[in-house]
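Accompanying notes for the structure given below.
Protein chains in written order, with the UniProt record's numbering: chain A, 1 to 314; chain B, 1 to 98.
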């Protein structure tokens, strides 16, 4: 297993006070909290910080950790010295962090497993299993067409040696048509197994849309930017555009402005009251990169009495 | 490995989750959820707690507020503000497609 430098992880010196440690933790936790953070790897960082804080905030655990000395470097191959934990008594096996079951093997070698995560097999009781939660990323098109997505979930369960093992299972989930970002799908009986004859809990999947190259989503409505040539916007035309369901012909009215929104009613996410598709026009100018183009622009300047800044009253 | 295809039920935007169901799904107690309602984080339909029904959005908010309180040690008013700002930010990000 690899040595973990908890001081380095929290960015504090080894002689930091307990107050310093708490302050560092609060700052890092706010920065990397998975619900709040847009930092890459936020979740992994948050777990790492939680583990470091679990050790350093507790004077007993911190003293034991400090006894390993300073010769170790982060990531270095590590074995706890023999009898290293003798003379220490850790009060209770309870860890305060919710991620305690996901602490590193380095942590477990030093401080043991979280006792509270080991209450398996209440024999003689029939206890309903707990509901569990996960996220699933889907394409916007899945919400239009339905479809089956597979999802790999990790969970811990007691192995034959009595220690928890990480097991993976793959579920094939049918994505219901019309599902929206942030909604949940309930999969009955796919949560944690029950004890005795108790039935299993349910699994709740939160839907997250993957980002799309040209559609963005707001609730049931979909937005897209449509680049148009100046003459298309000025004279009006009909353009074939992609929608998540199929291609449609869109009529651009004459004298359209850049930024103008055209609404395609009912072309948003399908449901009893389907959302709308909004097409935002974006007028793109041809580059004046040839003599012919430059002449043409000069010609427009002379022939069109056009002041784009008329509202400035100059 | 499981090969069958699982059919799930969408938790609708319609208010259809009872107080007890919400507590069981999110592993929280009714008192705490009641505090969330009084803080205005959750807006169930129904006058009395026994007749409260919550929307799918509530489910998400309960889980986020629970994690925020637990991990960052902030009070309900602070968590309520964070949730509102997060929802505003996510809407803006979705609009700009970032």
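Note that the Cβ used here is the ideal one computed from N, Cα and C, for glycine as well.
**Request:** Answer yes or no: does any C-beta atom of chain A fall closer than 7 Å to that of residue 6/B?
**Result:** Judged by the 7 Å Cβ criterion, residue 6/B is in contact with chain A.
**Prompt:** Is it buried or exposed for residue 59/A, if we count other Cβ within 10 angstroms and need 16 for buried?
**Reply:** Exposed, because fewer than 16 other Cβ atoms sit within 10 Å of the Cβ of residue 59/A.
**Message:** So residue 216/A contacts chain B; which residues on that side make the cut at Cβ distance below 8 Å?
**Reply:** Under a criterion of Cβ atoms nearer than 8 Å, the residues of chain B adjacent to residue 216/A are, in order, 94, 95, 96 and 97.
**Asked** If you run the structure through DSSP and keep just helix, strand and coil, what is residue 99/A?
**Response** Unreliable positioning characterises residue 99/A in this predicted model, as indicated by a pLDDT of 47, which lies under 50. A coordinate reading is not provided.
**Item:** Against chain A: residues of the region 38-62 of chain B by CB proximity under 9 Å
**Value:** Listed in sequence order: 56, 57, 59 and 60.
**Prompt:** Given residue 283/A, which residues of its chain have a CB within under 7 Å of its CB, disregarding the five upstream and five downstream residues?
**Reply:** Hits under 7 Å: 228, 230, 233 and 258.
**Message:** 7 Å is my cut-off, CB to CB: does residue 10/B come that close to chain A?
**Reply:** Yes, residue 10/B lies at the interface with chain A (some Cβ there is under 7 Å from its Cβ).
**Prompt:** Of all Cβ atoms in chain B, is any one closer than 7 Å to the Cβ of residue 118/A?
**Reply:** Low local confidence applies: a pLDDT of 38 at residue 118/A is under 50, so the model's placement there is unreliable, with the coordinate-based value given in what follows. Taking Cβ atoms only, chain B never reaches closer than 7 Å to residue 118/A, which makes this a no.
**Message:** I'd like the span of the alpha helix (DSSP H) that includes residue 243/A, first residue to last.
**Reply:** First-last for residue 243/A: undefined, no H or E at that position.
**Request:** Taking only heavy atoms of the ligand FMN into account, decide whether any of them is closer than 6 Å to the Cβ of residue 132/A.
**Result:** What this structure holds is no ligand at all, so the ligand FMN is not there to describe.
**Request:** With 8 Å as the limit, tell me which residues of the region 78-89 of chain B have their beta carbon closer than that to any beta carbon of chain A; keep them in chain order.
**Result:** Per Cβ criterion, the list reads 82 and 86.
**Message:** Let me see if you follow: with CB-CB separation under 7 Å, is residue 20/B close to chain A or not?
**Reply:** So no, residue 20/B is outside the interface.
**Prompt:** Between the region 203-213 of chain A and the region 166-185 of chain A, do three or more beta carbon pairs fall short of 8 Å?
**Reply:** Contact holds: three or more Cβ-Cβ distances are below 8 Å.
**Request:** Identify which residue in 47/A, 297/A and 73/A has its Cα closest to the Cα of residue 28/A.
**Result:** Among 47/A, 297/A and 73/A, the Cα nearest to that of residue 28/A is on 47/A.
**Prompt:** If the cut is a Cβ gap below 8 Å, which residues of chain D does residue 133/A touch?
**Reply:** In the displayed structure, chain D is absent; the protein chains listed are A and B.
**Prompt:** Can you tell me whether DSSP reads residue 74/A as helix, strand or coil?
**Reply:** When DSSP states are grouped into helix, strand and coil, residue 74/A belongs to the coil group.
**Prompt:** Name the chain B residues that come within less than 9 Å of residue 176/A, Cβ to Cβ?
**Reply:** Within 9 Å Cβ-Cβ: 7, 8, 9 and 10.
**Prompt:** How would you list, in chain order, the residues of chain A whose beta-carbon sits under 7 Å from the beta-carbon of residue 24/B?
**Reply:** The contacting residues are 131.
**Item:** Element boundaries [beta strand (DSSP E), containing residue 278/A]
**Value:** Segment 277-283, the beta strand (DSSP E) holding residue 278/A.
**Prompt:** Hey, residue 8/B and residue 185/A are a contact pair by Cβ (cut 8 Å); roughly how many whole angstroms apart?
**Reply:** Between residue 185/A and residue 8/B the Cβ distance is about 4 Å, and since that is below 8 Å, they are a contact.
**Prompt:** When burial is assigned at 16 or more other CB atoms within 10 Å of the CB, is residue 67/A buried or exposed?
**Reply:** Counting Cβ neighbours within 10 Å, residue 67/A comes out exposed, since fewer than 16 surround it.
**Prompt:** If you run the structure through DSSP and keep just helix, strand and coil, what is residue 71/B?
**Reply:** Residue 71/B sits in a helix when the DSSP states are folded into three classes.
**Prompt:** Helix, strand or coil: which one does DSSP assign to residue 321/A?
**Reply:** Nothing in the structure corresponds to residue 321/A, since chain A is present only between 1 and 314.
**Request:** With DSSP collapsed to three states, give me the class of residue 43/B.
**Result:** In the three-state reduction of the DSSP assignment, residue 43/B falls in the coil class, being assigned neither a helical nor a strand state.
**Request:** Quick one: using the 10 Å Cβ neighbour count with 16 as the cut-off for buried, is residue 300/A buried or exposed?
**Result:** Exposed.
**Asked** Do you know how far the Cα of residue 263/A is from the Cα of residue 25/B?
**Response** Distance between the alpha carbons of residue 25/B and residue 263/A is about 39 Å.
**Item:** CB of residue 94/B within 7 Å of CB of residue 43/A, strictly
**Value:** No, Cβ-Cβ distance for residue 94/B and residue 43/A is not below 7 Å.
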